[in-house]
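**Student:** Below you'll find the structure I mean.
Numbering (our numbering), first residue to last: 40 to 1213.
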């Protein structure tokens, strides 16, 4: 009962603060990071009173960043002997979407602090891509709520204020700019509309925010560079001709040299425009794959390659070096931060690996992005740790798995100082609504624990020490933190010791000796008594890690430290004091420095985050709090799930009752790359759209999910292994929790007897109770699974003979009869085995399968490897011969009631296969003409072509785009890409290129992934592509029994099998029993995603359940048309190794799954009526 009371208590609060969240210091916090000094330092007041004054202002005043910028502006306008006779400016931005925020954080025109700015820009208008005139981007505000008019009226009160309109922006895109700027006529239309707008609203300038001319990923073309310069020149000239020479033209430009090279004549633009607004932010972000501040001043050691000089100093210098006068440059600074989700919470420095963007802010609603006011709010609601980028001259902070790089007062002072030194024209700040414009108090009453972060260890005395004495001691940080208990007597307070910047060496030295540990523990006890704290958190990052000053003895010493610390508390009469250890999940780090079982015994609780295990940073859709492994969870994602995480800690000796499992009341969202490919692991373009209230891309509260499902039609699905729901609508996709999934987790937690659960967070639940829906199930048909029957398999001895009656019609959507041929004299369809096809009624009995399986489609394959290519080449060479062949096919399909033909010409245009130069064209003619005749027959017959994935075959024989257009389906041979003929051992159907493939040019692109991409890249619709998989293996004889890896030297083909009787080739049915033998060793190709096995003499690469699931997943992710398997008689069709047709059954599940079980969500009539009535 007590255990679940703990659960209830945890569910009552949004849990931000506990041992699993790294701690944070920041000027806008009331939850301070506290440092410790010897008591003799406490009365040292060597710092001036201005420091205290500044702190007070930064904590309590509104507009902390803009206020600093104003002071800096005053410094900037101080005249200097060399400054040009131009006013410097501080440009503020008003965004027309910020009034739409809910509650107190709606930012309207009346909120603009006009007295702090010299210029204010209204952001954004757009360009109508049909009329090329200026247009509103948010007409509901701009027009209906009179946004433009009210903005214009600011001049009535502030006559000296300069006002401008910004046109474009990121969301606007570049295509409308490109079209407009491409023509003098269109540019004139646009310029006239700008002039009319500025006259109407009495503005002073226009800012062009074309992001980015010339960039193909933004709709750009090579002509944009010239056209943009023409536009700016003509715009300025248009103002002059209209009698408004005082009107100004500004261009917002990037620092990135790649973008500059594509779209900007730098010197000429600077001449044409009045000012160039240089974007000194968004220089880094989650798209770079690692943490970083996004407005760094200088190069850092890890800034290499394309990121070299992409910083404020480098960008300014580049513009000036390219002819732009300094006094025309206005430096942009951000009033927001770029956020990240850490891959490992304990690796939280600069350039740390991430899993994707940070969580959306509650008001800005965009993943990877927080307004400064949201950063302040977050730091008040939970304890963060702040650090300083010395070279970048910017702060950054982290808490749990969240990381933010941003600006504060100090960093802005540095930039303003540099701007003054460089004699720039001014600065602009983007944007007003992101500053801390409301001012907030810390809601301590909502926290159960608050940790003061960080104290350090003196590496000479080994005592606890302050890391920021100017705040901890001189500004009485420790004392005021302690006094929070006067107001909140139930609040638990702790001190975090260590952190990333502190490093590991002081820990290592202190922990290495019993004497030093005792000194440290005594200082901790003295500190906690003095400040009446309840616990201490050890943040040693990381014991035993050489890159952090660790040694091999750290693992034992760390355990000793935690044990002795807890014992020290007991001896001091404070058994209730708690000890927490902050530990990584990374098994490498755990192995080096953590006795997991012993640490869990010594410490009090381990909180495991059972969510955010996936997200848009992984590049594909997925639920983010999966219970178990799925077939596509491989590599680094293997076991990264609730069960795996809990099991790892428990397997390593952590008692279950010390583990608290976290569950989310929010979903992780994605934007689909292709709306029709919407399963698990589908490709994405990025995070989903921000929620209207949580406001963070890639993230929706459950209440927002409910609301979205009421407003539009969503389809819900269920991840069987992950035990979570997901849903999609259009290009939006969300993985989340619902009642069923939470019941499963609660049941699991209860079954495992965990210490409890916590929910993040109550404000994300459907706390208004608005979701009432009805469900409707619809069915549609998707991917095909094509099986192949080979007529020669009937010749096998006794029970091994595979007959037509053995075909598992229920497992396939289509079955292909292999093979017929081309008659070299008549050029008609030819029976290769008339004694079987006709005399033994093979074709007739095959056609009769439809009586048993009415839904089954039957195809005939013509050609094959043994048939060769010469007969095809001769037949296709002349139109008359092609007509003869097509006529015989039509007659055949009518007679046997088949549903189509598969042309297996291996390979047109390839001389080694009897091909001719003209085959490439004549093959296309054959397919085109056959498809046309089939349509004339008014039959739904299919024309299918079987093609290789080997790119080297393409140029000689395949017009890829045209073939795909004319054929109904393209069957891609996803196997036989390696074999004994290569003289080295390898799997023959690798999914991707391996390192050793890259060393041999002929194999670099010979794999399933590159082959499919080649067909897609050459214009083939994915729905027409069917991937072939093999139910057989390729075998080799090893040269050296000890050399058995992929790439091992071989001396020939492996021994033939008893049924297939072909060297180097074994059906799965011929070797599946060997896989359970001790004689064989089984291995997995991690990159190729295929198994292989070997003995001392023989090596085989093949497919199994796991590899076929990988290929199924690949087909789903890429939205391909289906799969085919060659061939049924190679599978374990008699069940010698278990259930019959084991591989075919796996592939058949794909076909079953893609018969689509779609759940469409609708608002109920009752709910609508109630809403309307109210």
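Every residue gets a Cβ at the ideal spot worked out from N, C-alpha and C, and that includes glycine. None of the values given here were measured: they were computed from a predicted structure.
According to DSSP, is residue 748 helix, strand or coil?
**Tutor:** If DSSP states are grouped into helix, strand and coil, residue 748 belongs with the helices.
**Student:** Just mark residue 614 as buried or exposed, buried being the case when its beta carbon has 16 or more other beta carbons within 10 Å.
**Tutor:** When all chains shown are included, residue 614 counts as exposed.
**Student:** On the three-pair Cβ rule with 8 Å, is the segment 736 to 751 touching the segment 338 to 351?
**Tutor:** No, the segment 736 to 751 is not in contact with the segment 338 to 351.
**Student:** Looking only at its chain, what residues have a beta carbon closer than 7 Å to the beta carbon of residue 181, apart from the 5 residues adjacent to it on each side?
**Tutor:** The residues are 135, 175 and 187.
**Student:** Are the segment 657 to 674 and the segment 601 to 617 in contact at 8 Å, needing three or more beta carbon pairs?
**Tutor:** As far as the Cβ criterion goes, the segment 657 to 674 does not touch the segment 601 to 617, which means the pair count is below three.
**Student:** Do residue 970 and residue 984 have their C-beta atoms within less than 7 Å of each other?
**Tutor:** Not closer than 7 Å, so no.
**Student:** What number of angstroms, rounded off, separates the C-alpha of residue 482 from the C-alpha of residue 418?
**Tutor:** Residue placement at residue 482 is flagged as unreliable, the pLDDT there being 43, under the threshold of 50; the coordinate-derived value follows with that caveat. Going from the Cα of residue 482 to the Cα of residue 418 covers about 11 Å.
**Student:** For residue 1159 and residue 1061, what's the separation of their Cα atoms in angstroms?
**Tutor:** Whole-angstrom Cα-Cα distance: 5 Å.
**Student:** So residue 782 and residue 702 are in contact, right, with Cβ under 8 Å, and what is the actual spacing, rounded?
**Tutor:** Between residue 702 and residue 782 the Cβ distance is about 11 Å, and since that is not below 8 Å, they are no contact.
**Student:** Taking the C-alpha atoms as reference points, what is the distance between residue 300 and residue 1163?
**Tutor:** So the alpha carbons of these two residues sit roughly 47 Å apart.
**Student:** Among residues of its own chain, excluding the 5 on either side of residue 229, which ones have a beta-carbon nearer than 6 Å to its beta-carbon?
**Tutor:** So the list reads 171 and 219, once near-sequence residues are dropped.
**Student:** To which residues does DSSP link residue 533 through a beta bridge?
**Tutor:** BP columns for residue 533 point to 490 and 574.
**Student:** Closest by CA to residue 1065, which one among 941, 1075 and 323?
**Tutor:** When each option's Cα is compared against that of residue 1065, the closest is 941.
**Student:** Grab me the residues of residue 404's own chain with a C-beta within less than 8 Å of its C-beta, minus the 5 sequence neighbours each way, in chain order.
**Tutor:** Around residue 404: 729, 730, 731, 732, 733, 734, 735 and 736.
**Student:** When DSSP builds the beta bridges, which residues end up paired with residue 939?
**Tutor:** In DSSP, residue 939 forms a bridge with 898 and 981.
**Student:** Does the segment 702 to 718 touch the segment 365 to 374, meaning 3 or more C-beta pairs lie closer than 8 Å?
**Tutor:** At 8 Å Cβ cutoff, the stretches do not touch.
**Student:** Evaluate the contact criterion for the segment 374 to 391 versus the segment 707 to 722: three or more CB pairs, one atom per stretch, below 8 Å.
**Tutor:** No contact exists between the segment 374 to 391 and the segment 707 to 722.
**Student:** Please classify residue 1174 as buried or exposed, where buried requires at least 16 other C-beta atoms within 10 Å of its C-beta.
**Tutor:** Result: exposed.
**Student:** For residue 758, which of helix, strand or coil comes out of DSSP?
**Tutor:** Of the three classes helix, strand and coil, the one that applies to residue 758 here is strand, per DSSP.
**Student:** For the alpha helix (DSSP H) that contains residue 681, what are its first and last residues?
**Tutor:** That run of the alpha helix (DSSP H) goes 681 to 690.
**Student:** Comparing the C-beta of residue 644 with each C-beta of chain C, is any distance below 7 Å?
**Tutor:** The structure shown contains no chain C; it is built from a single protein chain.
**Student:** Between the alpha carbons of residue 547 and residue 493, how many angstroms are there, rounded?
**Tutor:** Distance between the alpha carbons of residue 547 and residue 493: 17 Å.
**Student:** Pull the bridge partners of residue 394 from the DSSP assignment, please.
**Tutor:** Paired residues: none, contrary to the question.
**Student:** In chain order, what are the residue ranges of uninterrupted alpha helix (DSSP H) at least 4 long that sit wholly in the segment 215 to 275?
**Tutor:** Qualifying alpha helix (DSSP H) stretches, in chain order: 223 to 240.
**Student:** Going by Cα to Cα distance, which pick from 1125, 1098, 588 and 402 is closest to residue 549?
**Tutor:** Closest option to residue 549, Cα to Cα, is 588.
**Student:** Return yes when the Cβ of residue 263 is within less than 7 Å of the Cβ of residue 202, no when it is not.
**Tutor:** Contact: no.
**Student:** What is the residue span of the beta strand (DSSP E) that residue 1164 lies within?
**Tutor:** First-last of the beta strand (DSSP E) with residue 1164: 1161 to 1165.
**Student:** With C-beta atoms as the reference, is residue 1072 less than 7 Å away from residue 1105?
**Tutor:** Yes; because the gap between Cβ atoms is below 7 Å, this pair is in contact.
**Student:** Who are the near neighbours of residue 889 in its chain, counting only those whose CB is closer than 8 Å to its CB and skipping five residues on each side?
**Tutor:** Contacts found: 895, 897 and 936.
**Student:** Quick check on DSSP: helix, strand or coil for residue 796?
**Tutor:** Reduced to three states, the DSSP call for residue 796 is strand.
**Student:** Can you tell me the Cα-Cα spacing of residue 683 and residue 664, whole angstroms?
**Tutor:** So the alpha carbons of these two residues sit roughly 11 Å apart.
**Student:** How many Å lie between residue 1094 and residue 1177 at the Cα?
**Tutor:** Roughly 24 Å separates the two Cα atoms.
**Student:** Who does residue 421 pair with in a DSSP beta bridge?
**Tutor:** Answer is none; residue 421 lacks a bridge partner.
**Student:** In three-state DSSP terms, what is residue 512?
**Tutor:** It is coil, neither helix nor strand.
**Student:** Are the Cβ atoms of residue 315 and residue 349 separated by less than 7 Å?
**Tutor:** Contact: no.
**Student:** Using DSSP bridges, identify the partner residues of residue 200.
**Tutor:** DSSP lists no partner for residue 200.
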